[in-house]
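Peer 1:
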Amino acid sequence: MITIRKQIVTNEAMEPVGVIIDYQDWQKIEALLKTYAAQDNSQNLMAYAGAVHLEADPLQYQHQERDAWS
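Written out as structure tokens, the structure is:
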């Protein structure tokens, strides 16, 4: 984890509305984001195929639950 020097910008009610960071820190953040975006973070979802067994049709269940609130 990198240390980021920052200043919190607040409005008149002292609520945080923004952050000011050094340009060098911003460049480090951009490099980290580019590296993360380039990685293949997808999972093989086929490994989970058939893992959930439903007793009812999902659409019918959805209608049933929505009707319960009407």
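Each residue of the sequence shown is one higher than the one before, counting from 1 in the working numbering.
Each residue gets a CB set at the ideal place from its N, CA and C atoms; glycine is no exception.
Measuring CB atoms only, is the region 23–36 touching the region 1–12, in the sense that at least three cross pairs come out at less than 8 Å?
Peer 2: yes
Peer 1: Name the DSSP beta bridge partners of residue 8, please?
Peer 2: 19
Peer 1: So residue 10 packs on residue 17, CB below 8 Å; how close in whole Å?
Peer 2: 6 Å
Peer 1: Quick one: Cα of residue 54 to Cα of residue 40, how far?
Peer 2: 31 Å
Peer 1: From what residue to what residue does the alpha helix (DSSP H) around residue 61 run?
Peer 2: 58–68
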